[in-house]
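>
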Amino acid sequence: MNKHLLMTIGLCLSLLPQSVFAQGDGEKLFNEKCTICHALEEQKMGPSVKDMMKDPLALQAAITDGIDNASALPMPSFGGILKPEQINLLVDFISQYK
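So this is what it looks like as structure tokens:
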């Protein structure tokens, strides 16, 4: 019986959308790479996640190319540090956070 239960659970998990797992990976990446300047709720050196732009293309460009804003601290480019898949995970995490 336990064998059938484990097989059923495994099958159910394999049917979940990848975004369920990706959000956890995006959050982990955010905590590892972004929290020196950003927080979820409060502003640090950079804006909080709740105050960040939510447009996925703009987020992807900001993470990949950085932001050079004369009125604030610049954000460095992460295009040479993170893989495109990792940038997409960060974009998904930030875009979904409310």
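Taking mature numbering (1 follows the signal peptide of the UniProt record, and there is no 0), I'd label the letters of the sequence shown as residues -22 to -1, 1 to 76.
Note that the Cβ used here is the ideal one computed from N, Cα and C, for glycine as well.
All values derive from a computational prediction rather than experimental measurement.
Counting pairs of Cβ atoms below 8 Å between the segment 34 to 43 and the segment 56 to 76, do you hit three or more?
The segment 34 to 43, when compared against the segment 56 to 76, does touch it at the 8 Å Cβ threshold.
> Starting from ILE41, trace the alpha helix (DSSP H) both ways and give me its first and last residue.
Segment 34 to 43, the alpha helix (DSSP H) holding ILE41.
> What is the DSSP secondary structure of GLN74, reduced to helix, strand or coil?
Here GLN74 sits in helix by DSSP.
> Anyone know if the C-beta pair for LEU51 and MET23 falls short of 8 Å?
Yes; because the gap between Cβ atoms is below 8 Å, this pair is in contact.
> With a 10 Å radius around its C-beta and 16 neighbouring C-beta atoms as the bar for buried, classify GLY2 as buried or exposed.
Classification for GLY2: exposed.
> If I measure Cβ to Cβ from SER(-4) and keep anything under 8 Å in the same chain, skipping five residues before and after, which residues do I get?
Unreliable placement is indicated for SER(-4), whose pLDDT of 46 sits below 50; the coordinate value is still reported in the next sentence. Closer than 8 Å at the Cβ level, and outside the excluded window around SER(-4), lie ASP70.
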